[in-house]
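Chains as they are written, first to last, in numbering that gives the first Met the number 0: chain A, 0 to 96; chain B, 0 to 131.
Data block below; observations after.
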Amino acid sequence: MNHRAESAKERITAALKSALTPVSLEVIDDSHRHADHFVHPGGAGHQGETHFTVKIVSPAFIGKSRVERHRAINEALARELATGLHALAIHAKAPGE
Amino acid sequence: MIYNSHARGTLNSAMKGSAMASIHDQIQNVINENAVVLFMKGTPQAPQCGFSGQVVQILNHLGVPFKGVNVLADGELREGIKSFSNWPTIPQLYVKGEFVGGCDIVREMFQSGELTDQLGKAGVPAAQPARG
Chain A
0 MNHRAESAKE
10 RITAALKSAL
20 TPVSLEVIDD
30 SHRHADHFVH
40 PGGAGHQGET
50 HFTVKIVSPA
60 FIGKSRVERH
70 RAINEALARE
80 LATGLHALAI
90 HAKAPGE
Chain B
0 MIYNSHARGT
10 LNSAMKGSAM
20 ASIHDQIQNV
30 INENAVVLFM
40 KGTPQAPQCG
50 FSGQVVQILN
60 HLGVPFKGVN
70 VLADGELREG
80 IKSFSNWPTI
90 PQLYVKGEFV
100 GGCDIVREMF
110 QSGELTDQLG
120 KAGVPAAQPA
130 RG
């Protein structure tokens, strides 16, 4: 497995493209903005790539509620969320919205 | 409508079984007994995460009374709320027992006026958000 050779941003981008075939996708690493804030007991430390913003437009979101859209994204990124991805800001639209 | 039937593969073994059932019962009780509940990091007076703090600000701006539950105070609760809601991140807002969403969804609904509408339908008085 080539897991560590790629950056988290690359893995997130690949997972979202594969799961949701977006017509537009922007993955922004916000980690530097959170580098020095509170480190939660038992949580991941804030080293490296931990905070991201995802801006995604996908036909998969047509007719889906906000919660359903976020769940689809969280599902696609389940492994990242379990292994160090700490916070994900999501802007999820269907084409034309 | 409660999304509590989706125990995830990411749960560690310590959280399976009766301990998880118990924490889910506790969460259910809290959202049954309080019209608006925010599961958050820190307290409404002292949020310990910017995302939790944003939702507190929105609820305060709307003048909505709510119960803040600090997930950092209890490791079982912190994991339990994620499996209870099938939602991997904190904060999480519940209105009348229904999962509304996390920070982004609450902010979008606030900006569009939908949050005020939903609170109104739930019988929770909220001020109209300031526009512009």
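C-beta: ideal position from N, C-alpha, C; glycine also.
Neighbours of E75 of chain B across chain A, judged by C-beta separation under 9 Å, do not exist; the nearest C-beta is about 11 Å away. Taken in chain order, the whole beta strand (DSSP E) runs of length 3 or more contained in the stretch 5-79 of chain A are 23-28, 50-56.
The beta carbon of G96 of chain B sits no closer than 7 Å to any beta carbon of chain A. Along the stretch 102-120 of chain B, going in chain order, the ones with a CB nearer than 8 Å to a CB of chain A are C102, D103, I104, E107, M108. In this structure, B:W86 is the residue among B:F38, B:D73, B:W86, B:I80 with its C-alpha nearest to the C-alpha of L76 of chain A. Neighbours of A88 of chain A in chain B, taken as residues whose beta carbon is under 9 Å from its own, are F50, C102, D103 in chain order.
A residue is called buried once 16 or more other Cβ atoms fall within 10 Å of its Cβ, and T88 of chain B is buried on that count. Non-local C-beta neighbours of R77 of chain B in its own chain, meaning closer than 6 Å and more than five positions away in sequence, comprise V70, ordered along the chain. Only those residues of the stretch 46-69 of chain A whose C-beta falls short of 8 Å from the nearest C-beta of chain B are listed: R65, V66, H69. Note that the C-beta distance between P94 of chain A and V56 of chain A is below 7 Å. Distances from the CA of S30 of chain A to each of A:H85, A:L15, A:A14, A:P21 were compared; the closest alpha carbon is that of A:H85.
Here the stretch 42-50 of chain B makes contact with the stretch 58-69 of chain B; the two share three or more CB pairs at distances below 8 Å. Assigned with DSSP and collapsed to three states, E75 of chain B falls in helix. Contact annotation: C102 of chain B and Q53 of chain B have beta-carbon atoms nearer than 7 Å. Non-local C-beta neighbours of A121 of chain B in its own chain, meaning closer than 7 Å and more than five positions away in sequence, comprise A34, V94, K95, ordered along the chain. Annotation for Q110 of chain B: the continuous alpha helix (DSSP H) segment containing it runs 102-111. Rounded to whole angstroms, A13 of chain A and P124 of chain B show a C-alpha spacing of 44 Å.
The beta-carbon of L19 of chain A is placed no less than 7 Å from the nearest beta-carbon of chain B.
For H23 of chain B, no beta strand (DSSP E) segment is defined; the enclosing uninterrupted segment is the alpha helix (DSSP H) at 17-32.
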